[in-house]
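Comments concern the structure below.
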Amino acid sequence: MPLLEPKPEVLRPGAARTPSPDRVPDVRATGTPEPLRGELTALLGPEKVLWTVSDLVKYASDASPYRFVPQVVVVPQDIDDISAILSYAHGKGREVVFRAAGTSLNGQAQGEDILVDVRHHWAGIEVLDDGARARIRPGTTVMRANATLARYGRLLGPDPASAIACTIGGVVANNASGMTAGTTRNSYRTVASLTFVLPSGTVVDTADPAADELLAHAEPQLCEGLLALKSEIEADAELTARIRAKYEIKNTNGYRLDAFLDGSTPVQILRGLMVGSEGTFGFISEVVFDTLPLDRKVSSALLFFPSLTAAAAAVPRFNEAGAIAVELMDGNTLRASVSVQGVPADWAELPKETAALLVEFRAPDEPGQEAYERAAAAVVEGLDLVAPVASVTNEFTREAKVISGYWKARKAFVTAVGGSRPSGTTLITEDFAVPPSLLADACEALLQLQAEHGFDAAVAGHAAHGNLHFLLAFDAAKPSDVDRYAAFMDDFCRLTVERFDGSLKAEHATGRNIAPFLELEWGPKATELMWRTKQVIDPDGVLAPRIVLDRDPKAHLRGLKTIPEVELIADPCIECGFCEPTCPSHDLTTSPRQRIVLRREMMRQPDGSPVETGLLDAYGYDAVDTCAGDSTCKLACPVGIDTGAMMKDFRHQRHSPREERIAALTARNFKAVEASARLAVAAADKIGDRLLETVTGLARKAVRPDLVPEWLPEIPGAAPRKLPRTSRVGASAVYYPACVNRIFGGPDGHRGPSLPQAVVAVSARAGKPVWIPGDVAGTCCSTIWHSKGYDEGNAVMANRIVEAAWGWTAGGKLPLVVDASSCTLGIAHEVVPYLTEDNRELHRELTVVDSLVWAADELLPELTILRKTGSAVLHPTCSMQHLGDVKQLRTVAEACAEEVVVPDDAGCCAFAGDRGMLHKELTASATAKEAAEVNAREYDAYLSANRMCEIGMDRATGRAYHSVLMELERATRP
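Under our numbering, the first residue of the sequence shown is numbered 558, with each subsequent residue one higher.
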């Protein structure tokens, strides 16, 4: 064992705990039992079988209120693996559930036996017919697909609020729709073809002209059964009419029986049935969508009404005016949204009865936009709107930033309201639809029913389509709360069906939540046809039992998860999964959601249980060590949960007093440390990479991998010993070269000026000279200590840099320009909690400017571009995302290159200072997709604005990245 290996017990929850009724039992502490583990390992290979208790627990939760611990998790890479898994399940009498993003709200991504992760190896998009169609793999997020399609002026029809995280496979399997899809733009209407694997292992490509012939040969009984059901349905005029009527409004409850009416052959019927089948009929391996035009002329308004029913009553008028979206938010939703960044703080003061409509019109051109705006104005003129707080304008706008803020608030409905629920309560998201003409009555009846059962729910929804969502919070550990929820559900379902003839699930799919109420909505005849359809397609019941069809009237009460309190920073988490695609480690170890899920399971356990011990043993590496600490999870989370900060705190807790003292000593003597580091880098050029890799490798084994960086061949040579000479007299700004740029030089083979030389040169050319203080050596932005959780060292350096910066800038009279985005973030924001009160006052007087902003806003307007490179690819860093500087990166790059590309898969490189040298596997995983996209073609320049991130991308791509400011210097050099 390494000398300074941390003890897992340090992170054992210390609070007194009462074991939860739904805790993982001790018998599961050893993970997947034999022979299941051994047989699947032999079948698929050890890298595709996840079997530890930590693996099983982190996959047990999703965005729903349910929790089921699988027996094993498998990670297939191709259709052959899928077929092998299904064949194994058939032979052994086992059950299989497919899981992609885990953003489903009704438990359909959870299994109790074999859970199949179909996200990790199943991403990709191919644009067809100049964007008119797109072939998309099931693990691709909606946002990622739309990013590619936007270049062609196209987008997908389905637009769920979880587009940042939900994947195409789940969207199609649930027939998810969203804000604008309604009944005409959803998956059922816009999927051109599917490729899927049936429970038997048969692969069907519905676009293949020979598909029916091949299917008839492979599955004759299946084909006969489907055609027999079709004939039976078509022979029943009353049933046929009922089926057609049910899909006049949004409906995802049960199977798409209209597939039997719309399809004339078994393959065509299957194509329809697969949409909305929730993984119970097969695995969708590829989808070809018919895409839709991306109308870029947008006008939106957030209109406030005195009541929910008043808002609902206005919806038909906007529908008639041609609005593409009319979104409803009640007072509880609006007030909870203040936790979302950018939402006006005074919304917290809105009266409870207030409601709002987010109305949007989209047009392809200016005349169309003007026509819509005239129609909208005519509607607004006849409404009795209110303005209860100062921020309310009740006006239509074209301003993209304002519109984006409206949608951010609306899309955060589940997470914002869920985040504000009482601690320890479980969140239920319900989803129903009524004919739009009955929406106002439905709102009034819903509010009355909630009051009768003691719920103060939040309501929002796609009002244009008669589709409402509401959230309920209760304590799943209390039988009385569960009984109250059960009674409410009985009354709610009867109300929706019997009074409004509505859909119990409009777009979230049946799942475990509504399966017991399927017959209530559809009646016995149609429900029995659904059971028979399942029998025809999956006669052995291998796929996803109890998810759509369940005869247990209390099935929706089984598996409800408790939500034990965890660290304050993470406690609001509702496990929605929005954070996962942005997380650098989500394909390697754990995601932010899974880090919280694992922590919650520790809190469910009695102190010292075998399960808790097993989770703690894995948590150190899986959660703490391999967290990049970049906090991009905070940006993706609608309520700003910063799991990275929690992991940094855990790192701090694992430090011994001796480690903290050494870290603080390093901070106090950083001038000597900096000089030694530069000399070591300079000496490395003479020693050779192989020897250094060996030496550092041995040191890592002896001391601790998370303390000793590994030497990487991509590490550049040393920076010049001296910084450029500058003058304080006449300086427009103080220039602070980050310590990484004082230690490391540019890419190997770079013959131009160093980064500090380039910044000084371009600033002078623009008539805005900068001054480098003579005593910058020994100072740092403090991120080195902050990222590792060394609080004492962090405080030492944080206070030193602020005191120095205040002096350099003459008390804040000059801006402080910083040449590494992570260091800008550190000095501008991250140092603040560690400052003394006096230094917080000094900090408030500072203006910290990232070099990208300095170049784009201050220098470019004064510079003459003399030469441009042909093409440039950019790597926006996570710090730029936090600072909002990505736009400036592109602006400077576009001044220097004829073509500028930001990869669709660009994300945090996870090099994170030196974390990429401590855990190189983390950077390899985090950059894999971006590197593949970058290396798909040649570029003339590879640009970023953070030296360590550039080294990380050098390693990932084999290309030489450098600062965009060095490129700007070259472009303007006389």
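Here a beta-carbon is modelled for each residue, glycine too, at the ideal position from N, C-alpha and C. Being a predicted model, the structure only gives us computed values, none of them experimental.
| Query | Result |
| --- | --- |
| When DSSP labels each residue in this structure, what does Val699 get in the three-state scheme? | helix |
| Could you check whether Ala944 and Phe918 sit closer than 8 Å to each other, using their CB atoms as the reference points? | no |
| Rank Pro823, Trp904, Leu915, Arg801 by C-alpha distance to the C-alpha of Val855 and give the top, closest one. | Leu915 |
| Can you tell me whether Thr1139 is buried or exposed? The criterion is at least 16 other CB atoms within 10 Å of its CB, across all chains shown. | buried |
| Using the three-state DSSP reduction, which class does Pro578 fall into: helix, strand or coil? | coil |
| What residue does the beta strand (DSSP E) around Val629 start on, and which one ends it? | 629 to 631 |
| Have a look at Arg1285 and Val1327 and give me their C-alpha separation to the nearest angstrom. | 8 Å |
| Taking the alpha helix (DSSP H) that Glu1415 belongs to, which residues open and close that run? | It is not in any alpha helix (DSSP H) - Glu1415 carries neither H nor E in the DSSP assignment. |
| In angstroms with no decimal places, state the Cα-to-Cα distance between Gly1473 and Met1159. | 29 Å |
| According to DSSP, simplified to helix, strand and coil, what is Ala1498? | strand |
| Considering only residues of the same chain and omitting the five flanking positions on each side of Phe625, which have a CB-CB separation below 7 Å? | Ala617, Gln667, Gly668, Glu669, Gly1116 |
| Could you say which of Glu1524, Ala1513, Phe753 lies nearest to Leu1446 if we only look at CA atoms? | Glu1524 |
| For Asn1298, count the other beta carbons within 10 Å of its own beta carbon; 16 or more makes it buried, fewer makes it exposed. Which is it? | buried |
| Buried or exposed: Ala933, going by 16 or more other Cβ atoms within 10 Å of its Cβ? | buried |
| Apart from the five residues on each side of it in sequence, which residues of its chain come closer than 7 Å, Cβ to Cβ, to Asp1174? | Pro565 |
| Spatial neighbours of Lys1345 within its chain, please: C-beta separation below 8 Å, excluding the five flanking residues on both sides. | Lys1205, Arg1208, Ala1220 |
| Identify, in the order they occur along the chain, each residue of the same chain with its Cβ nearer than 7 Å to the Cβ of Gly1368, setting aside the five sequence neighbours on each side. | Glu1402 |
| Would you be able to state if there are at least three C-beta pairs under 8 Å between the segment 1506 to 1523 and the segment 1306 to 1319? | yes |
| Please check the pair Thr890 and Val1016, which I expect to be a contact at CB under 8 Å, by giving their CB distance rounded to whole angstroms. | 7 Å |
| Taking Cβ to Cβ, would you say His677 is nearer than 8 Å to Asp1144? | yes |
| Determine the DSSP secondary structure at Pro850, reduced to helix, strand or coil. | strand |
| Could you please give the first and the last residue of the uninterrupted beta strand (DSSP E) stretch that includes Arg1285? | No beta strand (DSSP E) holds Arg1285; DSSP gives it neither H nor E. |
| At 4 residues or longer, and completely inside the segment 1125 to 1164: list those alpha helix (DSSP H) runs for me, N to C. | 1149 to 1161 |
| So, at 7 Å on beta carbons, what are the nonlocal neighbours of Leu907 in its own chain, with the 5 sequence-adjacent residues on each side left out? | Gly888, Leu891, Arg892, Pro945, Val946 |
| Provide the residue span of the beta strand (DSSP E) that contains His1019, from first to last. | 1015 to 1019 |
| What does the alpha-carbon distance come out to for the pair Ala1072 and Val832? | 17 Å |
| Sorted by chain position, which residues of the same chain lie with C-beta nearer than 7 Å to Ala868's C-beta, five sequence neighbours on each side aside? | Phe862, Leu885, Ala912, Ala913, Leu914 |
| Residue range of the beta strand (DSSP E) that His1026 falls in? | 1024 to 1031 |
| Going by the DSSP bridge assignment, what does Ser661 pair with across the sheet? | Per DSSP, none; premise fails for Ser661. |
| Is it the case that the Cβ atoms of Pro1167 and Cys1465 are separated by a distance below 8 Å? | no |
| Check for me: the alpha helix (DSSP H) holding Ser1428 runs from which residue to which? | Careful: Ser1428 lies outside any alpha helix (DSSP H), inside the beta strand (DSSP E) at 1426 to 1431. |
| Just mark Val584 as buried or exposed, buried being the case when its beta carbon has 16 or more other beta carbons within 10 Å. | exposed |
| Are the CB atoms of Leu597 and Val629 within a distance shorter than 8 Å? | yes |
| If distances are taken between C-alpha atoms only, which option among Arg1322, Lys807, Glu1009 comes closest to Pro993? | Lys807 |
| So, helix, strand or coil for Thr911, using DSSP? | coil |
| Around the Cβ of Glu789, are there at least 16 other Cβ atoms within 10 angstroms (buried) or fewer (exposed)? | exposed |
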